[in-house]
DNA sequence: CAAGAATACTTTGATATTCAAAGTATATAG
DNA sequence: CTATATACTTTGAATATCAAAGTATTCTTG
């Protein structure tokens, strides 16, 4: 019982401490050495959802809109994101990826795909489902308990 | 095939983006409102391993030793960590938790335990093993590929 | 044993990230 | 048409982080 819980706890702590840093080392170099991990996450979030407003994106990323404004400022300067006023509601800004932004998005996706492939490499389809269910459990739990 | 991979990718991205922030909101208040998440992670790392040197801890946390010096400075000031020179090798510092530090450590552990309990709540022991194996796969993969 | 090299840690200066709160512009409700 | 709400930006302050230079101690080697 408890040894399973302990193992899981330890591995989760380790993964959560490590993955972001490894991801950063790997992604923020070469073609994308001008990007920080924070910026990659903004790019990823925009890319997943097509054109979005600032506030939707900020909420999704769990940062204040002031923080996102700064992030988007930088990404626009660096040429990864375009920002335009919404014609329907001129208070809103619509943000989306440039071609360069899309390239960065794909590089990030590829990193994740590779990670996922190796995670699943010696699991049966049945076992894959177990894994996904467990991870959804975590997510569900957080949503419920911390209003998230 | 691919739908499993996609689901896993999406849920991983979401979890990794969210958990640290939720953890911060939850832990860094009440008795521990003077602690930041970075400081909680230092405390956790020291607690897991008993007394340690600065460089071991820095390596484990994947920060430079300069960064850790600053973190430990703050934790000593706040009364969560004690730092003493090693008598065998006077270049080394030995760091450990104070009583207050242990309390913070336990609060952090409890947060993780609760998370793990809910993650495993409707899995059989067999399925728990699958989950742990998969997560070890991720860890192994990173260790191998990125020298980690 | 006496340099010189290596190790362990700290300090310094610079940059990035973030927030809360105040500010600006636009839209909506009464 | 005013008052209020919404969407975003700006500002000022705090934290986190690194690389590189600095200090103290130990190890190595001729």
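Chains as they are written, first to last, in our numbering: chain A, 1 to 148; chain B, 1001 to 1148. Where a beta carbon is used, it is the ideal one built from N, C-alpha and C, also for glycine. Quantities reported herein were computed from a predicted structural model and do not represent experimental measurements.
| Is the segment 127 to 137 of chain A close to the segment 1127 to 1136 of chain B, with three or more CB pairs under 8 angstroms? | yes
| Along chain B, in chain order, which residues have C-beta atoms closer than 7 angstroms to that of residue 7 of chain A? | 1132
| message | Is the separation between the beta-carbon of residue 1053 of chain B and that of residue 1093 of chain B shorter than 8 angstroms? | response | yes
| query | Residue range of the alpha helix (DSSP H) that residue 1106 of chain B falls in? | reply | Looking at the DSSP string, the run of the alpha helix (DSSP H) that includes residue 1106 of chain B is 1099 to 1119.
| Given that residue 1127 of chain B touches chain A, what residues does it touch there, using C-beta distances under 7 angstroms? | Going along chain A in sequence order, the residues near residue 1127 of chain B (Cβ under 7 angstroms) are 130.
| query | List, in order along the chain, the chain B residues whose C-beta lies closer than 7 angstroms to that of residue 21 of chain A? | reply | 1062
| By a C-beta neighbour count over all protein chains shown, 10 Å radius and 16 as the cutoff for buried, is residue 12 of chain A buried or exposed? | buried
| field | Own chain, CB closer than 6 angstroms to residue 1071 of chain B, minus 5 neighbours either side, in chain order | value | 1042
| Range of the contiguous beta strand (DSSP E) that encloses residue 1081 of chain B | Under the DSSP assignment, residue 1081 of chain B falls in the beta strand (DSSP E) whose first and last residues are 1081 to 1085.
| task | With a threshold of 16 other CB atoms inside 10 Å of the CB of residue 89 of chain A, please say whether the residue is buried or exposed. | result | exposed
| Min CB distance residue 72 of chain A to chain B below 8 angstroms | no
| query | For the segment 1113 to 1120 of chain B against the segment 96 to 113 of chain A, are there 3 or more C-beta pairs whose distance is under 8 angstroms? | reply | Contact between the segment 1113 to 1120 of chain B and the segment 96 to 113 of chain A is not established, with fewer than three Cβ pairs separated by less than 8 angstroms.
| Simplified DSSP assignment, three categories, for residue 1038 of chain B | If DSSP states are grouped into helix, strand and coil, residue 1038 of chain B belongs with the helices.
| query | Taking Cβ positions, are residue 1062 of chain B and residue 21 of chain A nearer each other than 8 angstroms? | reply | Yes, these two residues count as a Cβ contact at 8 angstroms.
| query | Residues of chain A with a CB under 8 angstroms from the CB of residue 1112 of chain B: which are they? | reply | 9, 12 and 13
| Closest to residue 108 of chain A by CA distance: which of A:25, A:16, A:73 and A:65 is it? | When each option's Cα is compared against that of residue 108 of chain A, the closest is A:25.
| message | Which residues does DSSP list as the beta-bridge partners of residue 1052 of chain B? | response | B:1095
| message | Can you check which of these residues, A:136, A:141, A:101 and A:135, is closest to residue 50 of chain A by C-alpha distance? | response | A:101
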